[in-house]
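Undergrad: One structure, pasted below without further comment.
Numbering (the working numbering), first residue to last: 128 to 439.
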């Protein structure tokens with residue numbers, strides 16, 4: 128187990144170095160970042176001011192030195208200042224954490240609570256009405272885009288029925304504001320998890336040890352939930368862990384439809400459209416680290432679910 132974890136940690140740090148090197152290289156292959164600090168065309172900027180800006184940004188040093196200086200600042204949590212907002216990037220992103228985490232966790236819980244039980248039920252009740260309902264739910268969930276389901280949810284439940292608010296994030300916690308965006312965000316993922324759970328359960332339920340357990344007279348609920356689901360969880364677990372990582376990175380479409388001020392909304396509207404490269408690099412770095420942490424957690428979870436993986 129120790130060798131397994133050490134090997135995964137080595138892969139984790141190698142991936143961090145490789146991804147940050149690619150990010151740094153791509154950012155320097157685009158337009159000269161110094162041009163973002165001066166008026167268009169560079170009029171009114173003296174050569175002394177240009178040289179001072181070069182020194183301040185560290186562009187007078189070799190590329191490898193620039194990379195390690197940048198990486199060192201990132202490790203210490205110094206992401207620089209946003210060019211469009213004229214504020215530290217940390218401050219810009221810190222104000223969006225709460226909104227993104229609340230939306231992500233709500234959508235993730237909905238996806239798990241709906242997807243896993245429906246997948247198990249569809250597998251156990253194979254070729255019955257429950258199976259067809261589950262597969263229909265998965266079909267529509269994966270086929271309909273989030274912007275369409277979001278708009279239709281607002282139209283039906285906020286405009287016509289007036290049961291729920293149309294969107295935005297309240298200053299104080301109110302569960303009514305979270306229902307529509309969390310359901311719209313979690314529906315496609317719950318459909319995917321349902322299909323993965325169903326496929327895994329069908330394979331497990333046809334295995335010899337399940338037949339042997341039933342032949343011994345083990346209760347059906349124990350066969351399904353203890354012996355069957357536990358061994359069928361590896362594939363859905365992978366999807367669920369990366370799903371949460373993706374949600375925490377910012378569900379851009381849902382945040383825009385419901386005017387939800389999260390990290391994804393800010394990264395798209397500020398970093399991309401305003402060419403705010405310090406904010407963009409910080410957001411991309413956050414996404415990379417989050418996905419690598421999710422992969423590491425998934426590997427460790429595999430080892431606990433299936434002991435055979437520990438010795439690979």
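Where a beta carbon is used, it is the ideal one built from N, C-alpha and C, also for glycine. The model shown is predicted, which means the values in this text are computed figures rather than measured ones.
Whole-angstrom Cβ separation of residue 392 and residue 383, contact assumed at under 8 Å?
TA: Their Cβ separation, rounded to whole angstroms, is 6 Å, which keeps residue 392 and residue 383 in contact under 8 Å.
Undergrad: Taking the C-alpha atoms as reference points, what is the distance between residue 258 and residue 245?
TA: Computed Cα separation, rounded: 9 Å.
Undergrad: Just checking my contact of residue 250 with residue 329 at CB under 8 Å: how many whole Å lie between their CB atoms?
TA: So it is a contact: roughly 5 Å between Cβ atoms.
Undergrad: So which of 366, 129, 209, 333 has the shortest CA-CA distance to residue 321?
TA: Nearest option by C-alpha distance: 366.
Undergrad: Distance, Cα to Cα, residue 216 vs residue 354?
TA: Looking at the two C-alpha atoms, the distance is approximately 48 Å.
Undergrad: For the alpha helix (DSSP H) that residue 155 lies in, which residues bound it at each end?
TA: Per DSSP, residue 155 belongs to the alpha helix (DSSP H) from 129 to 156.
Undergrad: If I measure Cβ to Cβ from residue 108 and keep anything under 6 Å in the same chain, skipping five residues before and after, which residues do I get?
TA: Any question about residue 108 goes unanswered here, given that the chain covers just 128 to 439.
Undergrad: Our contact map puts residue 291 next to residue 307 with C-beta atoms below 8 Å; I'd like the distance itself, whole angstroms only.
TA: Right, the Cβ-Cβ distance comes to about 5 Å (below 8 Å), so this counts as a contact.
Undergrad: Measure the beta-carbon distance from residue 276 to residue 314 and round it to whole angstroms, keeping in mind my assumption that it falls under 8 Å.
TA: Going by Cβ atoms, the distance from residue 276 to residue 314 rounds to 6 Å, so yes, they are a contact pair.
Undergrad: If I measure Cβ to Cβ from residue 419 and keep anything under 7 Å in the same chain, skipping five residues before and after, which residues do I get?
TA: Only 139, 142, 143 meet the Cβ criterion.
Undergrad: For the candidate residues 417, 242, 428, 400, whose alpha-carbon lies nearest to that of residue 209?
TA: If we check each option's Cα against that of residue 209, 400 comes out closest.
Undergrad: To test your reading of the DSSP string, which unbroken beta strand (DSSP E) runs of 3 or more residues are found completely within the region 371 to 436?
TA: Segments of the beta strand (DSSP E) lying fully in the region 371 to 436: there are none.
Undergrad: Give the secondary structure of residue 215 by DSSP, where H, G and I count as helix, E and B as strand, and everything else as coil.
TA: If DSSP states are grouped into helix, strand and coil, residue 215 belongs with the strands.
Undergrad: Would you tell me roughly how many angstroms separate the C-alpha atoms of residue 230 and residue 194, rounded to the nearest one?
TA: One C-alpha to the other measures close to 34 Å.
Undergrad: Would you check if there are 3 or more beta carbon pairs closer than 8 Å linking the region 272 to 286 to the region 189 to 208?
TA: They do not touch, by the three-pair rule.
Undergrad: Using the C-alpha atoms, what's the distance from residue 239 back to residue 263?
TA: Spanning the two alpha carbons is a distance of roughly 18 Å.
Undergrad: Starting from residue 208, follow its DSSP beta bridges and name the residues at the other end.
TA: According to DSSP, which records beta bridges pairwise, residue 208 is partnered with 215.
Undergrad: By DSSP, does residue 190 sit in helix, in strand, or in coil?
TA: It is helical.
Undergrad: Would you tell me roughly how many angstroms separate the C-alpha atoms of residue 412 and residue 351, rounded to the nearest one?
TA: Cα-Cα distance, rounded: 41 Å.
Undergrad: Whole-angstrom Cβ separation of residue 364 and residue 428, contact assumed at under 8 Å?
TA: Yes, they are in contact, since the Cβ atoms of residue 364 and residue 428 sit about 6 Å apart, within 8 Å.
Undergrad: Considering only the beta carbon of each residue, do residue 318 and residue 265 sit closer than 9 Å?
TA: In contact: residue 318 and residue 265 (Cβ atoms closer than 9 Å).
Undergrad: Do residue 344 and residue 223 have their beta-carbon atoms positioned less than 9 Å apart in this structure?
TA: It is not a contact, given that the beta carbons lie outside the stated cut-off.
Undergrad: From 213, 172, 227, pick the residue whose C-alpha is nearest to that of residue 406; which is it?
TA: Ranking 213, 172, 227 by Cα distance to residue 406 puts 213 first.
Undergrad: Would you mind giving the Cβ-Cβ distance between residue 408 and residue 154, rounded to the nearest angstrom? I have them listed as a contact below 8 Å.
TA: Correct: roughly 6 Å between the Cβ atoms.
Undergrad: Give the secondary structure of residue 334 by DSSP, where H, G and I count as helix, E and B as strand, and everything else as coil.
TA: DSSP places residue 334 in coil when its eight states are reduced to three.
Undergrad: Can you grab the Cα-Cα spacing for the pair residue 422 / residue 369, in whole Å?
TA: Taking the straight line joining both Cα atoms gives about 7 Å.
Undergrad: Output the boundary residues of the alpha helix (DSSP H) element that contains residue 182.
TA: Element bounds for residue 182: 174 to 184.
Undergrad: What are the boundary residues of the alpha helix (DSSP H) that residue 269 is part of?
TA: Taken as a continuous stretch (DSSP letters only), the alpha helix (DSSP H) holding residue 269 covers 256 to 270.
Undergrad: If you draw a straight line from the C-alpha of residue 349 to the C-alpha of residue 356, how long is it?
TA: Computed Cα separation, rounded: 10 Å.
Undergrad: By the three-class DSSP mapping on this structure, what secondary structure does residue 294 have?
TA: Coil, per DSSP.
Undergrad: I need the straight-line Cα distance from residue 260 to residue 302, nearest angstrom please.
TA: Cα to Cα, the separation comes out at about 28 Å.
Undergrad: Compare the Cα-Cα distances from residue 361 to each of 426, 304, 396, 416 and report the closest residue.
TA: Closest by alpha carbon: 426.
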